[in-house]
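Q:
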Amino acid sequence: MDSLPLDHPRLKKNNFDLIRLLLASIVCLVHAYEVSGFGQLSTLAGFLSSKVAVQGFFVVSGFLIVMSYERSSSLKSYASKRVRRIYPAYFTVVMLSAVFLVFVSQKPVQEYFSLAWLEYLAANLAFLNFLQPTLPGVFETNHFNVVNGALWTLKVEAMFYIAVPILVYFLRRFPRLPILMLVYLISIAYSELLLSASASTGVEFYSRLARQLPGQLCFFMSGAALFYYLKFFERHLKQFVMAAAVILVVDWFALPLPWLQPAALATLVVFFGLFLYAGNFGKYGDFSYGVYILHFPILQLLLNSGWFVGHQWLFLLTTISLTAVGAFLMWNLVEKRFLLRSSHYVAAVESREDQLTVRQPASLSAE
């Protein structure tokens, strides 16, 4: 068996919290340009990719969520951890948007709280953002009137969570590698078929379908495969990393390699996640989720104000500042309160607090 023991130090000390924060920040920066259309911010989209950042998220999820399931004592325990981690903050951002965006709506209050409002609430709370992405009269003068365009990935993430017990069931009963490879290839084939249909017909709906669960599963499966074959990966680390780097350079700058790119991206993400340890970033909390789900409505609100048309870099700085504050509050007021005490975030924070207590004078420690 090529997976490491679940209590192995390498699995306990990793950079995945930091990587997720960096990926969420990339999405925020790229969206600042794409949502605003401000020309001065175009350089952000020139050297950063929100698409690759989201793909990196799915790789990390594949590695960590499969590991979480393997560590769980039961299906109920696994489900509880997943719901506690993802839903409280998601519920909060949907409700905050639905209730308080009435103040920027161009509709009267009685028209705002309408059937369309209820449809927004029902669709978004059920991870079906695509069914009703807008609120009555909200952001109608913006370039996009979508309330929170980042939420589409949460539907995919939730479906990953549901798929993991089924996936692991088959991985435990049948040869593991063929199943991993089969799902990986089917996912890419699905995506390529729809992208080809979109290119040949000009129907953009096909490309949107390509982004959904089957099309993103190759990244999730790549992360899961590296978890299961981590010993083999470690033994051949140099060769894997060099090959992955070459594949990604060719894919990004010369010739698209869709059948290899997910595995190559996963290789580098897991390499940086596990083999270049940068310290226990989780002791400060996990702010990546808050950054990801809050930045889009913050962007829209700032644009709706009309204050930043002539101050584009100030717009970016304000977005970053408000998103950081929002993520900090979301973590401390919502997310952390729903985690089990066995969560590594809670353990990391308590360990940090214990260390601070030990360093304090005895008189202060007793207070």
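Here the numbering used here runs 827 ahead of the position in the sequence shown, where the first position is 1.
For glycine and all other residues, C-beta sits at the position ideal for the given N, C-alpha and C.
#1: For LEU875, name the three-state secondary structure that DSSP assigns.
#2: For GLY964, which of helix, strand or coil comes out of DSSP?
#3: Using a Cβ-Cβ cutoff of less than 7 Å, which residues in the same chain neighbour GLN1187 once the five nearest sequence positions on both sides are dropped?
#4: Which same chain residues end up closer than 8 Å to TRP944 when comparing Cβ atoms and leaving out the 5 residues on each side of it in sequence?
#5: Let me know the secondary structure DSSP gives TRP1134 once reduced to three states.
#6: Extract the residue ranges of the beta strand (DSSP E) inside the region 900 to 951, only unbroken runs of 3 or more that lie entirely within it.
#7: Kindly list the residues whose CB is nearer than 6 Å to the CB of LEU1095, restricted to its own chain and excluding five residues on each side of it in sequence; keep chain order.
#8: Take the Cβ of GLY883 as the centre, count every other Cβ of all protein chains shown within 10 Å, and call the residue buried at 16 or more, exposed below.
#9: Identify, in the order they occur along the chain, each residue of the same chain with its Cβ nearer than 8 Å to the Cβ of GLU1177, setting aside the five sequence neighbours on each side.
#10: I'd like to know whether the C-beta atoms of ALA913 and GLU984 end up nearer to each other than 8 Å.
#11: Excluding sequence positions up to five away, which residues of its chain have a Cβ less than 7 Å from the Cβ of LEU1141?
#12: For VAL1030, name the three-state secondary structure that DSSP assigns.
#13: Write down the C-beta distance between VAL991 and TYR896 rounded to the nearest angstrom, noting that I regard them as a contact closer than 8 Å.
#14: If I'm right that PRO915 touches VAL1161 with Cβ under 8 Å, what's the distance once you round it to whole angstroms?
#15: List the endpoints of the continuous alpha helix (DSSP H) containing LEU1084.
#16: Short of 8 Å in beta carbon distance, which residues of its chain neighbour ILE1125, apart from the five on each side in sequence? Order them along the chain.
#17: Three-state secondary structure (DSSP) at VAL1051?
#18: Where ASN972 and PHE966 are concerned, what is the direct C-alpha to C-alpha distance, given to the nearest angstrom?
#19: For ALA880, which residues from the same chain have a beta carbon less than 7 Å from its beta carbon, with the 5 sequence-adjacent residues on both sides left out?
#20: Going by DSSP in three states, LEU1035 sits in which element: helix, strand or coil?
#21: According to DSSP, is VAL973 part of a helix, a strand, or is it coil?
#22: Short of 8 Å in beta carbon distance, which residues of its chain neighbour HIS858, apart from the five on each side in sequence? Order them along the chain.
#23: Can you tell me whether DSSP reads ASN841 as helix, strand or coil?
#24: State yes or no: is the C-beta of LEU1128 within less than 8 Å of the C-beta of PHE1102?
#25: To the nearest angstrom, how far is the alpha carbon of GLU1031 from that of TRP1086?
#26: In whole angstroms, what separates the C-alpha of SER941 from that of LEU1143?
#27: How big is the Cα-Cα spacing for PRO1041 and GLY889?
#28: What alpha helix (DSSP H) runs, 4 residues minimum, are completely inside the region 1093 to 1155?
#29: Let me know if GLY1100 comes out buried or exposed under the rule of 16 or more other beta-carbons within 10 Å of its beta-carbon.
#30: Hey, would you say ALA1093 sits closer than 8 Å to GLY1050, going by beta carbons?
#31: Cβ of PHE1047 within 8 Å of Cβ of LEU1053?
#32: Less than 8 Å between the beta carbons of MET1069 and GLY1117, yes or no?
#33: Residues in its own chain within less than 8 Å of LEU875 by CB, not counting five upstream and five downstream?
#34: Go ahead and label LYS840 buried or exposed: buried means 16 or more other beta carbons lie within 10 angstroms of its beta carbon, across all protein chains shown.
#35: Kindly indicate which residue of MET922, GLN1066, PHE927, PHE930 has the alpha-carbon position closest to the one of ALA949.
A: According to the structure data:
#1: Indexing the sequence shown from 1 puts residue 875 at position 48. If DSSP states are grouped into helix, strand and coil, LEU875 belongs with coil.
#2: Locating residue 964 in the sequence shown gives position 137, counting from the first residue. In the structure shown, GLY964 falls within a coil segment according to DSSP collapsed to helix, strand and coil.
#3: Sequence index remark: in the sequence shown, residue 1187 carries index 360 (1-based). For GLN1187, the predicted model reports a pLDDT of 45, less than 50, meaning its position is unreliable; a value from the coordinates is still stated below. Counting only Cβ-Cβ distances below 7 Å, and skipping sequence neighbours, we find nothing.
#4: For the purposes of this step, residue 944 is identified with residue 117 of the sequence shown, where counting begins at 1. Correct list, in chain order: ALA925, LEU962, PRO963.
#5: Position 307 of the sequence shown, counted from the first residue, corresponds to residue 1134. It is coil, neither helix nor strand.
#6: none
#7: As a working note, residue 1095 is residue 268 in the sequence shown. The residues are ALA1071.
#8: Within the sequence shown, numbered from 1, the residue matching residue 883 stands at position 56. That one is buried.
#9: In the sequence shown, the residue the question calls residue 1177 occupies position 350. With a pLDDT of 49 at GLU1177, under the threshold of 50, the predicted position of this residue should be treated as unreliable, though the coordinate-derived value follows. Correct list: empty, nothing qualifies.
#10: Here the question's residue 913 lines up with position 86 in the sequence shown. Here the question's residue 984 lines up with position 157 in the sequence shown. Note that residue 913 is Ile in the sequence shown, not Ala. It is a contact, given that the beta carbons lie within the stated cut-off.
#11: Start at 1 with the first residue of the sequence shown, and residue 1141 comes out as number 314. Here the set comprises PHE1135.
#12: Walking along the sequence shown from the start, residue 1030 turns up at place 203. Here VAL1030 sits in coil by DSSP.
#13: Working through the sequence shown from its first residue, we reach residue 991 at position 164. Working through the sequence shown from its first residue, we reach residue 896 at position 69. With 8 Å as the limit, VAL991 and TYR896 qualify as a contact, their Cβ atoms being about 5 Å apart.
#14: Translated into the one-based positions of the sequence shown, residue 915 becomes position 88. Translated into the one-based positions of the sequence shown, residue 1161 becomes position 334. PRO915 to VAL1161, Cβ: 5 Å. Contact.
#15: As a working note, residue 1084 is residue 257 in the sequence shown. Looking at the DSSP string, LEU1084 is not in any alpha helix (DSSP H), and its letter there is neither H nor E.
#16: For this step, residue 1125 is matched to residue 298 along the sequence shown. Around ILE1125: THR1146, LEU1149, THR1150, GLY1153.
#17: Here residue 1051 corresponds to residue number 224 of the sequence shown, with the count starting at 1. The identity of residue 1051 in the sequence shown is Ala, whereas the question assumes Val. Helix.
#18: Within the sequence shown, residue 972 is the residue found at index 145, counting from 1. Within the sequence shown, residue 966 is the residue found at index 139, counting from 1. Those two C-alpha atoms are separated by around 5 Å.
#19: The residue you call residue 880 lines up with position 53 of the sequence shown. Here the set comprises LEU850, ILE853, VAL854.
#20: On the sequence shown, position 208 is the one that residue 1035 refers to. Checking the sequence shown, residue 1035 turns out to be Arg, not Leu. In this structure, ARG1035 counts as helix in the three-state DSSP scheme.
#21: For the purposes of this step, residue 973 is taken as the residue at position 146 of the sequence shown. It is coil, neither helix nor strand.
#22: Start at 1 with the first residue of the sequence shown, and residue 858 comes out as number 31. So the list reads SER877, GLY976, ALA977, HIS1122, PHE1123, LEU1126, once near-sequence residues are dropped.
#23: Position 14 of the sequence shown, counting from 1, holds the residue named residue 841. It is coil, neither helix nor strand.
#24: Residue 1128 sits at position 301 when you count from the first residue of the sequence shown. Residue 1102 sits at position 275 when you count from the first residue of the sequence shown. No, Cβ-Cβ distance for LEU1128 and PHE1102 is not below 8 Å.
#25: Here the question's residue 1031 lines up with position 204 in the sequence shown. Here the question's residue 1086 lines up with position 259 in the sequence shown. One C-alpha to the other measures close to 22 Å.
#26: To locate residue 941, count along the sequence shown from 1; it is residue 114. To locate residue 1143, count along the sequence shown from 1; it is residue 316. Each residue's alpha carbon lies about 34 Å from the other.
#27: Here residue 1041 refers to the residue found at position 214 of the sequence shown. Here residue 889 refers to the residue found at position 62 of the sequence shown. Taking the straight line from one Cα to the other gives about 14 Å.
#28: 1115 to 1132
#29: The residue you call residue 1100 lines up with position 273 of the sequence shown. Buried: at least 16 other Cβ atoms inside 10 Å.
#30: Residue 1093 sits at position 266 when you count from the first residue of the sequence shown. Residue 1050 sits at position 223 when you count from the first residue of the sequence shown. Yes, Cβ-Cβ distance for ALA1093 and GLY1050 is below 8 Å.
#31: As a working mapping, residue 1047 is identified with position 220 in the sequence shown. As a working mapping, residue 1053 is identified with position 226 in the sequence shown. Their beta carbons are not under 8 Å apart, which means PHE1047 does not touch LEU1053 by this criterion.
#32: Position 242 of the sequence shown, counted from the start, is the residue given in the question as residue 1069. Position 290 of the sequence shown, counted from the start, is the residue given in the question as residue 1117. Not in contact: MET1069 and GLY1117 (Cβ atoms no closer than 8 Å).
#33: Against the sequence shown, residue 875 aligns to sequence position 48. Hits under 8 Å: ILE853, LEU856, VAL857.
#34: One-based indexing of the sequence shown puts residue 840 at position 13. So LYS840 counts as exposed.
#35: Reading the sequence shown from its first residue, position 122 is the one you call residue 949. Taking each of MET922, GLN1066, PHE927, PHE930 in turn and checking the Cα distance to ALA949, the smallest one comes out for MET922.
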